[in-house]
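Mind the numbering: the sequence shown is residues -18 to -1, 1 to 459 in mature numbering (1 follows the signal peptide of the UniProt record, and there is no 0), read in order. The beta-carbon is built from N, C-alpha and C at its ideal position, and this holds for glycine as well. Here the structure comes first, spelled out in structure tokens, and everything after it is commentary.
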Amino acid sequence: MLRECLLIALFVSNVVIGDEFVKTLKTNDFNEVVSSSKRILVEFYAPWCGHCKALQPEYEKAAKRLNAEQAETILAKVDATEDRDLATKYSISGYPTLKYFVNGDLDNPQEYNGGRTEETIVSWVLKRELPAVTTLQESEVDNFKSKHKVSLVAYLKGDSSNPAVAAVYDVADSLREDVVIGLVQSLVKLYRQFDEPEATLEGEITTQRLKDFVQSERFALFDEISTDNYQKYVARGLPLVWVALEGSDSEQREHVATAIKDITKQWKGKLSFVWIDNAKFGQHVTNLGIKSPPGLVLVEGSNTKYLYDGDIFSSNDLKAWFDKYSKKEIPKFLKSQAKPETNNDAVLVLVEDERKIQTILGYKLNSTGSTFEEVVGKDSDVFVEFYAPWCGHCKRLAPDYDKVGEAFKDVKDFVIAKIDATENDTPEEIRGFPTLVFYPKGSLKGEKYTGGRTASEIIGWLKKKATVNVDGLKAEL
């Protein structure tokens, strides 16, 4: 859920321009166009998808710029809701999904994992058009590293028969998105335009050590999160320490950066530290559970949070808190609305209650029951809508969902429920709204509903999935 909320905030734009530089492909011409293209990036989209609409102007501007720069890569798009065979072939499960095809290879596209702005799309594409390794003279190194935010230069003698040189070429293609690589015939150094400007890899040079070196050194110790780097932090896979600040308050930012500096060094390679501008992304700050900046929350995976409750300007308080985190002594934080005073409608309103948590044997928790926990996984089949109040699709679903609730109202041990996923942390990972999940009686493992959004379609699916007797189901709505 956090990931999607942030992406919405980061990518929404009101700019609309034409798509003369983006090829529209259909099933009948897809193979011909892709197989005859040296390099082509294809967006699989849905016309109703908000993320796709937000991407459209940036994608078009990127296509126009690549055309102007005479790049090898062209940009194209496919309506995956119409050309379902293509969507199935390329395992399209969410929108937008972008695939990169090289040398007409229809069967082995690369997954696009870059940002969703003109700049990040162009950068991602052009890096793939460069040689994997650029051979340099020592006099060319300064110019080479000045052009790139992060660059790896290997000073090595010999050719690929030298295991160290072979290791550089071995990792080069897989590291294209992270770093540009140069080879000087003569140690391996990484240059960057932040923190300490230079890092040196010492000791034996192997493929794995090079990969680990780049992954450790290419990220700033404490960086602003933005459209350009959000996906990179997600792909990095480390727990994220979010610090919410007022971006316009440079004094506040400097004080926090000073307080947290030693901690970022101590946890380098174990945690990613980023700050987020509350003025730009206030809704996401709220979703993280930070009520008023400055504030800090540590997020593991998609939804496990640890909220800092000390003085964010105190390096001693911060160090003590992270020491407790390392010993698994910090309780998990769950954001929640208050329980409804009454809950008698056909659709049951669920929340994750504010709870007292005690830590027992590591991260195992003993907590008071919440409405969600009281209902799901107990003695009833439960169908839950995870929704967002601002979501247009959720609003359109509401009348039909109420009908589903009315239809099952008299069915014993079958609950139709909903939960505001922007205000409540839940066990389910939510990537879009609405998300509909069926939990069989006694199970916390849910099955997502992906069918139509009418009451009759939902009811028909639930009748097939029910593990309890549905004799009380109303025949007519």
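In this structure, LEU203 and LYS247 form a Cβ contact; the two beta carbons are roughly 6 Å apart against a cut-off of 8 Å. Per DSSP, ALA69 lies in no beta strand (DSSP E) segment; the continuous alpha helix (DSSP H) that holds it begins and ends at 66 to 71. When the five nearest sequence neighbours on each side are left out, the beta carbons in the same chain lying within less than 7 Å of the beta carbon of TRP443 are those of TYR431, GLY433, in order along the chain. The segment 65 to 76 and the segment 15 to 23 do not touch, with fewer than 3 CB-CB distances between them shorter than 8 Å. Residue environment for THR404: buried (at least 16 other C-beta atoms within 10 angstroms of its C-beta).
In this structure, ARG174 sits away from LYS139, with a CB-CB distance that is not shorter than 8 Å. Taking C-beta atoms as the reference points, ALA226 and LEU300 fail to come closer than 8 Å. The bridge partners DSSP lists for GLU367 are LYS400, LEU418. Per DSSP, the unbroken beta strand (DSSP E) holding ARG21 starts and ends at 21 to 27. In the structure shown, the three-state DSSP call for ILE187 is coil.
For the pair TRP224 and VAL281, the CB atoms are nearer than the 8 Å cut-off.
Looking from the CA of GLU356, the closest CA among GLU233, ARG378, SER425, VAL162 belongs to SER425.
DSSP places THR6 in the uninterrupted beta strand (DSSP E) bounded by 4 to 6. Our two residues, ALA154 and VAL196, have alpha carbons roughly 11 Å apart in a direct line.
Distances from the CA of CYS31 to each of ASP61, PRO221, ASP402 were compared; the closest alpha carbon is that of ASP61. The beta carbons of ARG158 and ALA217 sit no closer together than 8 Å. The three-state reading of DSSP puts ARG174 in strand, counting E and B together. Taking the Cβ atoms as the reference, ALA53 lies roughly 6 Å from GLU111, within the contact range of under 8 Å. Counting along the chain, the unbroken beta strand (DSSP E) around SER254 starts and ends at 254 to 259.
TYR307: member of the alpha helix (DSSP H) spanning 297 to 308, first to last residue. Per the C-alpha coordinates, the member of PRO179, SER142, TYR212, LYS46 positioned closest to LEU134 is PRO179. In the three-state reduction of the DSSP assignment, GLY277 falls in the strand class. ALA239 sits in a helix when the DSSP states are folded into three classes. Excluding five sequence positions before and after SER438, none of the CB atoms of its chain fall closer than 6 Å to its own CB. For the set ASN298, LYS400, TYR307, ASN260, the Cα lying nearest the Cα of PRO221 is the one of TYR307.
Residue environment analysis places PRO409 among the exposed positions, since fewer than 16 neighbouring C-beta atoms fall within 10 angstroms of its C-beta. Assignment of TYR215 by DSSP, reduced to helix, strand and coil, places it in the helix class. In the three-state DSSP reduction, GLU100 falls in the helix class (H, G or I). Uninterrupted alpha helix (DSSP H) stretches at least 4 residues long and entirely within the segment 108 to 141 occur at 123 to 128, given in chain order. Judged by their CB atoms, PHE396 and VAL452 are nearer to each other than the 8 Å cut-off.
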